[in-house]
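Those letters in the sequence shown? Residues 1 to 270, by UniProt numbering.
Here is the structure we will look at.
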Amino acid sequence: MLLHGFAQYWWSWRHQLADLPASGFRVLAPDLRGYGDSDKTPRGYDAATQAADVAGLIRACGERSAILVGHGYGGLTAFNTAVLHPDQVRGVVAVAAPHPASLATHPLRAGRAGRLVTWASVPVWPRRKLRAGAALMVERLMRSCAGPAWKASADFRTAAARMRRAMLVPGVAGAAVEHLAWLGRSPWRADGRRHREALAVPLRTPVLQIAGDGDTFIPPGLVADAREHCLDDYRLVTLPAVGHYPAEEQPDVVTRLIAEFAGAPVRRAG
């Protein structure tokens with residue numbers, strides 16, 4: 001199951017959706033709660049509810065368990081689901097995403113991601129800003145975090161245009177802000193304290209982390225801290241000259257890493 005990040009939707013996994021099924025995988029890339037065609041609910045953007053959404057999707061697909069692949073915020077959700085629903089998660093592939101315990105323990109080390117969480121905690125204004133100028137902020141965020149090669153490509157321009165349009169769907173901007181705002185408020189909330197207690201238990205699920213050495217959004221050191229929270233099989237792969245969007249900047253490499261992690265040789269579609 002492929003889980004997108006902040007200000008994205010299922011289409012951000014377009015390359016993996018084309019190639020992973022050719023390697024024999026059943027692949028699902030949902031819109032997270034509040035994004036794309038998913039319901040824009042007034043609440044339910046806390047970590048436990050997000051994890052329950054993912055676990056419910058696994059069951060709804062008739063599967064007992066799945067490998068979760070998440071980018072950015074989707075990576076946090078993948079980790080959270082493995083912590084809260086361990087029997088339903090066979091493995092976690094976190095792309096440009098730290099372990100949520102690292103984010104909670106070291107908020108000052110979260111860099112631009114931490115500042116975005118703080119920004120999202122301000123009432124009203126952030127959702128207006130996300131929609132302003134035909135969602136120009138979405139493209140600016142992408143451009144500031146992407147690696148130079150992808151940023152100069154036609155594929156980047158297409159992706160930025162699609163993500164901007166997706167942010168203008170009614171209700172999406174508010175939901176996107178709420179996803180982040182809960183992270184900022186969680187230290188002072190009862191559900192946040194319960195979640196931190198759950199995260200204190202080391203993760204036994206196999207984990208592959210994929211990061212770009214040019215990621216200016218999530219500091220590489222914060223990503224590497226995940227090793228402290230994983231008991232069993234753990235591997236970190238850092239891709240050179242790649243920014244915050246490895247699955248789009250180096251799609252063939254990321255698809256191969258996912259397939260190898262899942263125990264299958266990669267085959268290209270067509």
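Glycine residues also receive a C-beta, built at the ideal position from the N, C-alpha and C atoms.
Among Asp-191, Ala-200 and His-244, the one whose alpha carbon lies nearest that of Gly-44: Asp-191
C-alpha gap between Leu-76 and Ala-94, whole angstroms: 8 Å
Whether Leu-208 touches Leu-236 by CB criterion (9 Å): yes
Nearest-angstrom Cα separation, counted from Val-83 out to Ser-23: 28 Å
Unbroken beta strand (DSSP E) run spanning Val-122, endpoints: Per DSSP, Val-122 belongs to no beta strand (DSSP E) and is neither H nor E.
Opposing strand residues paired with Gly-91 [DSSP bridges]: Ile-67
Option nearest Asp-225 by Cα separation, candidates Ile-210, Arg-14 and Phe-261: Ile-210
Residue(s) in a DSSP beta bridge with Val-237: Ile-210
Pro-187 - containing alpha helix (DSSP H), residue span: First-last for Pro-187: undefined, no H or E at that position.
Exposure of Pro-170, with buried meaning 16 or more beta-carbon neighbours within 10 Å: exposed
Same chain, Cβ closer than 8 Å to Val-177, five either side skipped, listed in chain order: Ala-120, Pro-126, Arg-127 and Leu-130
Strand pairing of Cys-230, partner residues [DSSP]: Leu-203
Residue environment, Cys-61, which counts as buried when at least 16 other CB atoms sit within 10 Å: exposed
Cβ neighbour criterion (16 or more within 10 Å) applied to Trp-188: exposed
Continuous alpha helix (DSSP H) stretch holding His-15: start and end: 14-19
Reduced DSSP category for Leu-84 - H, G, I as helix; E, B as strand; rest coil: helix
Three or more C-beta pairs below 8 Å linking the region 27-35 and the region 46-66: yes
Whole-Å CB distance - Cys-145 paired with Thr-216, under 8 Å assumed: 6 Å
Burial state of Thr-81, where buried means 16 or more other Cβ atoms lie within 10 Å: buried
Other residues of its chain near Pro-240: CB distance less than 7 Å, five sequence neighbours each side excluded: Asp-213
With 16 other Cβ atoms within 10 Å as the buried cut-off, status of Leu-231: exposed
Limits of the alpha helix (DSSP H) - the one that Gly-221 falls within: 220-224
Spatial distance of Val-69 from Asp-87 (CA atoms): 16 Å
6 Å CB neighbourhood of His-244 in its chain, flanking five on each side removed: Ala-96, Cys-145, Asp-215 and Phe-217
Other residues of its chain near Ala-104: CB distance less than 6 Å, five sequence neighbours each side excluded: Arg-196
C-alpha gap between Asp-53 and Gly-34, whole angstroms: 12 Å
Gly-56, enclosing alpha helix (DSSP H) - first and last residue: 47-60
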